[in-house]
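**Student:** Protein sequences, first through last, are from chains G and F. Each residue of the first sequence is one higher than the last, beginning at 1 in our numbering. Each residue of the second sequence is one higher than the last, beginning at 1001 in our numbering. Ideal placement from N, C-alpha and C gives every residue a C-beta, glycine not left out. Before I ask anything, let me first share the structure, which is written out below as structure tokens.
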Amino acid sequence: MSTPLLALSGLTKAYPGVVANKDVSFEIAPGEIHALLGENGAGKSTLVKTIYGLVKPDSGTMTLNGAPFTPAEPRAARAAGVAMVFQHFSLFDALNVAENIALGMENPPPQREIAERVRAVSDQYGLPLDPARIVGELSAGERQRVEIIRCLLQDPKLLIMDEPTSVLTPQEVEILFKTLRKLSAEGTAILYISHKLEEIRALCENATVLRLGQVVGTCDPRTTTARDMAELMVGSALLVPERAPHTDGETILSLNNVSAKAPTRFGTALRDIQLTVHMGEVLGIGGVAGNGQDELVAVLAGETRVARDMITFDGQNIGHFGPNARRKIGLLTAPEERMGHAAAPDMSLTENAVLTATTRQQLTSKGFVNWRKARKFAEEVIAQFDVRTPGPQNAARSLSGGNLQKFVIGREIMQSPDVLVVNQPTWGVDASAAAAIRQALLDLAAKGTAIICISQDLDELMEISDRFAALNEGRLSAPRPAQGLTVEEIGLMLGGAHDMEVAHVEA
Amino acid sequence: MITLEKRSQPSRVWAFAAPVMAVVLTMLCGGLLFAALGKSPVETIRTIFFDPLFSEFAWFYRPQLLIKGAPLVLIAIGLSFGFRAGIWNIGAEGQYIVGAICGAAVGLAFYPTESIFIFPLMIVAGILGGTLWALIPGILKVKFDTNEILVSLMLVYVAEQLLASMALGALRNPDGMGFPGSRNLAKYDSASSWISENAGMHWGVVLAFVAVIFAYVTLSRHLFGFQVRLAGQSPRAARFGGVNPQALVLICMAISGGLAGAAGLFEVAGPAGQISIDFNVGYGFTAIIVAFLGRLHPIGILLAAGLMALTYIGGEIAQSNLGLPGAAIQLMQGMLLFFLLMVDVLSNYRLRLGKKAIV
């Protein structure tokens, strides 16, 4: 075999209290599409940050094209031919594409020249993009193109992509893959980070699996089943949530032509949302991030008030109700952002229990908080939902993401809601906690609670939903039975390819 | 190399140790400063921090402590609600002035009638005056999203002009032979806030202690106190928890304005005695320092106000007895806040010496 493009040998990086990477070694050949696979917290991010010069390893060596490679900073890594597309885009909404690209350059040439180069590269790789467009108006898929083109202008030998498909529809993913395959055919190696197994099976030639910072296996994804890879990744057999059969109950909540203005300039306006939810059902709402999910949750939670008759709960018009009035009648919500929205990071878990449970659990009398009762409620949530923490006196920010999420969801479930709205219930949560949360939601539905689950994880929605609807640019599609929906149909409900052109791949 | 590392949760030990350490550091650096000015550091520190309490003239200084401390406590307690909720009322000085004017006006209107109802009416007027003055920035913020810091601060200067106009015009003593300033309320029995002038006790001191207890119970036990803390720490979580941010702005402005107005009334009807051009001496601004020095905690504010009052009185002694310049005292008071903020970092961060440890 010829010299590998990049070889890692014995990389170790420790942070206080946790070893992020331990003795990690693997190689990437020129033009290879290599998958880096692992759960959240397995050490994938630390590893790629090391390659990109953001993190300095404690020990171990890297070689690039046979020469020692120790980038002190991202600039050095870029100069050596390593480029990276981050999961979260670093783009300025108010600037246009060419300006955004110029901002990432050391010595940006004049705007006109950048615009020309953007056009050239985007033609070459079939990534149509108008350099004069304002980034705030682009879809997530198009924003990602900006990031990719920014990398391609550097003519990289290795392109690192961190969870690139989390914001894309299935059709957009297909377009991305065509581009990546073309790059690979031209000799650019790609390090592809993901925990979505089917994508990796469709795209990658080699996979390195990380668990708790260590390499636990390598495989050829094209010939390994998704289940085998998942078990390598998790280290044990996965618990698949059980579905209890259910019958459609009575209508409990309906949204009647809900419209709401966008809260901020780059927010999404809700347009004519029609929806009815029945007792005991799980309604899944899919959609690419930024298509009105947060706004819809705010309307359901009562943070955004709408006209009285736009929302009906059990025959009562509640559009004008505030958050606590809605809790009182049994409509509870768990927002997406745990830190600072669903929970106050610097407050104890007891105090965070008071945050939403005051009304239904009678944690106050005559306005005075009954801290003993609140503490007991917090302890119950902790015990019931297996939240790993020394006790309810600990600050919310001291918990890991998965544990805090279990607490947040548990806090609402323990209040026995009639309707529970959850947004991204398993975002950033490890696989076993995610399975526990999904099972808890299904158990709650089995008791007759209606659940609205908003998520960008289509696998999750297909696993737990009875009916499925999609948010696209603030509009909600008509819900359809989840069983029997194909990936193609879901993709079209999500807005298809958002009119993006398909990459023109030359054979 | 020294690195800071964020603690997973705030340290309880440091929450208590930080103010003590700040005082000790202030004494050390203040001592260096005094030494540089050619004074004996030990003697100066002793004069400022210990003489008002323990010297042979302490009988004279101790009542002064109550008189200086009470308005600071009252105002700082009021401010602490807003500061905790992230609502920055910087104009307590103005609310203090307007409270004094309104309260004094009510008292002067009744002169020379004697009645036990006059003083309670004056208190109500003082509180109302301060509240309304504070609601101006509050309502502007809620309705037009103006910045309450700027508006409340600018209203201080308006209030100062109002004070001058009152001292020279509407409230001027008709028997004062044309000198500016109102009648002396402290000498008008029905309007005096004194309980015992020799002991330094006036009704403002009583109310200050009541306010401390009231604030303590509200912040630690009542849902409103919880919502105030929540709104300050995580505004988005507060909205999710059902807090109405606009109502909170108005309530917090009203509380701080009302207490500042009350402080002004007690001052004008007691220690100051009359409405005069130079009636206000900066309690409203010093109270901001007191509120933070007491880490926005009612008990802490009580202690901090005592400490600030001590440095004021001790500073005056040092000026007259040791010939220390007034600016040096102010510098030392500034140091106190500076060191507190510096040491404060330690309650949320931990210092690590040398390279990062590998576990």
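Against chain F, does residue 402/G count as a neighbour if the rule is that its beta carbon must be under 7 Å from one of theirs?
**Tutor:** So, not an interface residue.
**Student:** Using a Cβ cut-off of 7 Å, pull out every chain F residue sitting near residue 341/G, in sequence order please.
**Tutor:** Those within 7 Å of residue 341/G in chain F are 1236, 1237, 1240.
**Student:** So, helix, strand or coil for residue 373/G, using DSSP?
**Tutor:** Residue state, collapsed to three classes: helix.
**Student:** Residue 1221/F touches chain G at which residues, Cβ-Cβ below 7 Å?
**Tutor:** The contacting residues are 368, 369.
**Student:** For residue 456/G, does the count of other Cβ atoms within 10 angstroms reach 16, so buried, or fall short, so exposed?
**Tutor:** Buried.
**Student:** So for residue 1054/F, helix, strand or coil by DSSP?
**Tutor:** Helix, per DSSP.
**Student:** Mapping the DSSP letters down to three states, classify residue 1043/F as helix, strand or coil.
**Tutor:** Here residue 1043/F sits in helix by DSSP.
**Student:** Could you please tell me which residues of the region 1244-1271 of chain F, in chain order, have their CB closer than 9 Å to any CB of chain G?
**Tutor:** Going along the region 1244-1271 of chain F in chain order, one finds 1244 with a Cβ nearer than 9 Å to chain G.
**Student:** Identify whether residue 1120/F lies in helix, strand or coil by the three-state DSSP scheme.
**Tutor:** Looking at residue 1120/F - three-state DSSP - the assignment turns out to be helix.
**Student:** For residue 1356/F, does the three-state DSSP call read helix, strand or coil?
**Tutor:** Note that residue 1356/F has pLDDT 48, beneath the 50 cutoff, so the model's placement of it is unreliable and the number below is only indicative. Coil at residue 1356/F, not helix or strand.
**Student:** Using a Cβ-Cβ cut-off of 7 Å (strictly less than) and excluding sequence neighbours within five positions of residue 1183/F, which residues of its own chain qualify?
**Tutor:** Result list for residue 1183/F: 1108, 1111, 1173, 1274, in chain order.
**Student:** Check this for me: beta carbons of residue 392/G and residue 426/G, under 7 Å apart or not?
**Tutor:** Against a cut-off of 7 Å, the Cβ pair of residue 426/G and residue 392/G comes out as no contact.
**Student:** Could you tell me whether any Cβ in chain F is nearer than 7 Å to the Cβ of residue 398/G?
**Tutor:** It does; some Cβ of chain F falls within 7 Å.
**Student:** Going by Cα to Cα distance, which pick from 53/G, 318/G, 377/G, 413/G is closest to residue 258/G?
**Tutor:** Comparing Cα positions, the closest option is 318/G.
**Student:** In the DSSP assignment, find the unbroken alpha helix (DSSP H) run with residue 253/G in it and report its ends.
**Tutor:** Taken as a continuous stretch (DSSP letters only), residue 253/G belongs to no alpha helix (DSSP H), being part of the beta strand (DSSP E) at 251-260.
**Student:** Looking at the secondary structure, which residues open and close the beta strand (DSSP E) in which residue 339/G lies?
**Tutor:** Careful: residue 339/G lies outside any beta strand (DSSP E) and carries neither H nor E.
**Student:** Is the CB of residue 1227/F under 7 Å away from at least one CB in chain G?
**Tutor:** Not closer than 7 Å to any Cβ of chain G, the Cβ of residue 1227/F fails to qualify, so no.
**Student:** So, does the CB of residue 1230/F fall closer than 7 Å to a CB anywhere in chain G?
**Tutor:** Chain G, which has a Cβ nearer than 7 Å to the Cβ of residue 1230/F, makes this yes.
**Student:** Counting contacts by CB-CB distance shorter than 7 Å, is residue 364/G in contact with chain A?
**Tutor:** Of the chains in the structure shown, none is chain A; the protein chains are G and F.
**Student:** Which whole-angstrom value is the C-beta distance of residue 464/G and residue 442/G, which I expect to be below 8 Å?
**Tutor:** 6 Å between Cβ atoms; contact.
**Student:** Examine the Cβ distances between the region 1135-1147 of chain F and the region 1111-1122 of chain F and report whether three or more of them are shorter than 8 Å.
**Tutor:** With a cut-off of 8 Å, the region 1111-1122 of chain F and the region 1135-1147 of chain F do not count as touching, because too few Cβ pairs lie within range.
**Student:** Just how far apart, CA to CA, sit residue 14/G and residue 1006/F?
**Tutor:** Distance between the alpha carbons of residue 14/G and residue 1006/F: 17 Å.
**Student:** Residue 1246/F and residue 1142/F look like a contact to me (Cβ under 8 Å); what is the Cβ gap, rounded to whole Å?
**Tutor:** So it is a contact: roughly 5 Å between Cβ atoms.
**Student:** Strictly under 7 Å for the Cβ-Cβ distance: is residue 21/G near chain F by that measure?
**Tutor:** With 7 Å as the cut-off, residue 21/G does not count as an interface residue toward chain F.
**Student:** The beta strand (DSSP E) spanning residue 288/G covers which residue range?
**Tutor:** Per DSSP, residue 288/G belongs to no beta strand (DSSP E) and is neither H nor E.
**Student:** Would DSSP call residue 506/G helix, strand or coil?
**Tutor:** Only weak support is given to the placement of residue 506/G: the predicted model assigns it a pLDDT of 44, under 50, and the value that follows is read from those uncertain coordinates. Note: residue 506/G maps to coil in three-state DSSP.
**Student:** Taking CB distances under 7 Å as the criterion, tell me whether residue 1233/F reaches chain G.
**Tutor:** It does: the Cβ of residue 1233/F has a partner Cβ on chain G nearer than 7 Å.
**Student:** What do you reckon, are the CB atoms on residue 1200/F and residue 1156/F nearer than 7 Å?
**Tutor:** The answer is no: Cβ separation not under 7 Å.
**Student:** One question on the structure: do residue 1077/F and residue 1211/F come within less than 7 Å of each other, judged by their Cβ atoms?
**Tutor:** Taking 7 Å as the Cβ cut-off, residue 1077/F and residue 1211/F qualify as a contacting pair.
**Student:** Using a threshold of 7 Å, state whether the C-beta atoms of residue 333/G and residue 301/G are closer than that.
**Tutor:** In contact: residue 333/G and residue 301/G (Cβ atoms closer than 7 Å).
**Student:** Is there a Cβ of chain F sitting closer than 7 Å to that of residue 323/G, yes or no?
**Tutor:** It does; some Cβ of chain F falls within 7 Å.
**Student:** What residues from the region 343-362 of chain G come within 9 Å of chain F, judged by C-beta to C-beta, listed N to C?
**Tutor:** Listed by position along the chain: 343, 344, 345, 346, 347, 348, 351, 352, 354, 355, 356, 358, 359.
**Student:** Please report the straight-line C-alpha distance between residue 286/G and residue 473/G, rounded to a whole angstrom.
**Tutor:** Near 12 Å, if we compare the C-alpha coordinates of residue 473/G and residue 286/G.
**Student:** Is it right to say residue 88/G is buried, meaning 16 or more other beta carbons lie within 10 angstroms of its own, or is it exposed?
**Tutor:** With fewer than 16 Cβ atoms within 10 Å of its Cβ, residue 88/G is classed as exposed.
**Student:** Note down, one range per segment and in chain order, each alpha helix (DSSP H) of at least 4 residues found wholly within the region 1251-1326 of chain F.
**Tutor:** Within the region 1251-1326 of chain F, the complete alpha helix (DSSP H) runs of at least 4 residues are 1283-1293, 1298-1317.
**Student:** Who are the neighbours of residue 394/G on chain F, taking C-beta pairs under 9 Å?
**Tutor:** Near residue 394/G (Cβ distances below 9 Å), the residues of chain F are 1008, 1009.
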